Each structure stands twice: as C-alpha cells, then as structure tokens.
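**Student:**
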Amino acid sequence: MRPSPAPTVPASAEPASSRVYAHLKAGILDRTYPGGSLVTEGEVAERTGVSRTPVREALLQLQAERLVQLFPKRGALVLAVSDVEARDVLEARELVERWAAPRAVEQRERLLPVLDAHLAAMVGARDDGDAPALVEADRAFHEAVVDAAGNAVLSRLYASLRDRQLCMGVASMDMGAARRDRAVREHTGLRDALAAGDGEAFARLSAEHVRGAGDVLRGSR
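What the sequence shown shows, in the numbering used here, is residues 753 to 973, in sequence order.
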C-alpha cells in the first residue's frame, strides 16, 4: 500500500537533492514510508517539485545509509528492520555509549550545560505530552555525549544507529505518561552521574537505559 500523499516540499536555495534527501529521510524515520514500501522516482519528483535527477541522487545517498535498496526501473524499497538487525543495532549502540562514557566524563564541564538544555527540553515535552519532541531531545542528549568523546567516525555511526532504531517501530512515539516520566528520570540520573564525575555509574546507567529502550522496542514488534 502506498503512503498517503505528502505536501509538496517548498523551493529554497538549498540544493534540490538535499531537499529531497531530507524529505525522504524524514518520511522513512516517521514511517510515512514504512519498511517494505516501494517509492518511485516519479512519485517523489512530483511530491517534491524537482526533476528525477536529484531524486536519484537522494536515493543513492539513502541506499549508502542502508535505509533503502534501489531496483533499476522500479524504484527504491524502504528496508524494514529485522529482529536480528534490531538486536545488532541495540548492542552496537550500547557498545558506543559505554566507550564514550569515561571520555564524556573528562569533558563534563563543557558537556553539562549542553545536557542540561536537552534535559530541560525533555521535561517540557513530558509536561506537554509531546512524545515526538521528547524523543528528539532524548536523541540529542545521547548524541551530545558521544560527540563529546571526540571520535567523528563513531559519532556518525551512532547517528546512523539512532536512525535505524527509529525505523524499528512507532512505540517510542506513542509513550504514555509513565514512560515519559521514566525517560526524564533516567536522563536526570545520567546527568547527575556525569556531574559527579562518576564514570562507572554513568557507563552502567547508559547501558541500563539502552537495554530498557530495547525491551520497549521488542515489545512493540
């Protein structure tokens, strides 16, 4: 079944292929284009108001990120996340966060104000019942920790892992009050461990948090 029509992407000074890429990636991550759906160059070109060439360029970039698989003359298949890949993504995310933890503690003086801002955004989203905004602030919190560790390759890997995690299901976007409270509580614990310079506790809490997210995602599949 094809996804429902999306609004045309407005023209801007941004390169056409970048606009199409952003449109498609957002649709894949919010499941407007769910795993297993087929998108065609013509369909995307019509929606975004561009020619097929930038659409093809955007799809090639998404294929490099393992979000789609191109099929000549047919289009691009949005890749669903298998149970095995879901497990692998969560394990890889835990490994990266454990690696980053002691290095982030070393950078805590400059990192804490950044985490405080993301935590404040999470609290606001929780209070407003805005699950998508909470998920976005949650992701920004963890990416800031990994970025502070100072390895650009792992930062890019981590961002791709979070993208793939979003593709696993909509459970993270459909959290009730108890889950929103838990998310804020766990991130507050992470922030406090970092402020105390307790690298061991920070690494342990990071691992527990990822495993908890995995339990929720597995329950939604």
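Beta carbons: idealized from backbone N, C-alpha and C, even for Gly. Quick caveat, the model's predicted, so the values are computed rather than measured.
Is L831 helix, strand or coil when you go by DSSP?
**Tutor:** In the displayed model, L831 falls within coil according to three-state DSSP, outside both helix and strand.
**Student:** Residues in its own chain within less than 7 Å of I780 by CB, not counting five upstream and five downstream?
**Tutor:** Spatial neighbours of I780 in its own chain (CB-CB distance under 7 Å, excluding positions within 5 residues in sequence) are listed in chain order as L819, V830 and C919.
**Student:** Considering only DSSP beta bridges, list what F823 is partnered with.
**Tutor:** G827
**Student:** Kindly list the residues whose CB is nearer than 8 Å to the CB of M874, restricted to its own chain and excluding five residues on each side of it in sequence; keep chain order.
**Tutor:** L886, A889, D890, F893, A935, V936 and H939
**Student:** Do you know how far the Cα of P786 is from the Cα of A778?
**Tutor:** Whole-angstrom Cα-Cα distance: 11 Å.
**Student:** On the three-state DSSP scale, how would you describe V802?
**Tutor:** If DSSP states are grouped into helix, strand and coil, V802 belongs with coil.
**Student:** Please name the residue or residues paired with L790 in a DSSP beta bridge.
**Tutor:** L829
**Student:** Ends of the alpha helix (DSSP H) at G779?
**Tutor:** A768 to L781
**Student:** Please report the Cβ distance between A900 and L863, rounded to the nearest whole angstrom; I am assuming they are in contact, meaning their Cβ atoms lie under 8 Å.
**Tutor:** Indeed, because the Cβ distance is near 5 Å, the residues count as touching under 8 Å.
**Student:** Determine, using beta-carbon pairs with one atom in the segment 947 to 964 and one in the segment 845 to 854, whether at least three such pairs fall under 8 Å.
**Tutor:** yes
**Student:** Beta-carbon within less than 6 Å of A955's beta-carbon, same chain only, minus the 5 sequence neighbours each way: which residues are those?
**Tutor:** Closer than 6 Å at the Cβ level, and outside the excluded window around A955, lie R850 and A853.
**Student:** Alpha carbons only, please: which of D835, L842 and V791 is nearest the one belonging to G827?
**Tutor:** V791
**Student:** Return the residue from the list L812, R878, H775 and V841 that minimises the CA-CA distance to A914.
**Tutor:** Contrary to the premise, residue 914 reads as Arg rather than Ala in this sequence. Among L812, R878, H775 and V841, the Cα nearest to that of R914 is on V841.
**Student:** Using three-state DSSP, classify D944 as helix, strand or coil.
**Tutor:** DSSP places D944 in the helix class (H, G or I) of the three-state scheme.
**Student:** Smallest Cα separation from V897: which of D933, Q859, Q815 and A872?
**Tutor:** Q859
**Student:** Can you tell me whether DSSP reads R808 as helix, strand or coil?
**Tutor:** helix
**Student:** If you reduce the DSSP assignment to three classes, tell me which class G902 lands in.
**Tutor:** coil
**Student:** Do the CB positions of V802 and E793 come within less than 8 Å of each other?
**Tutor:** No Cβ-Cβ contact shorter than 8 Å links V802 with E793.
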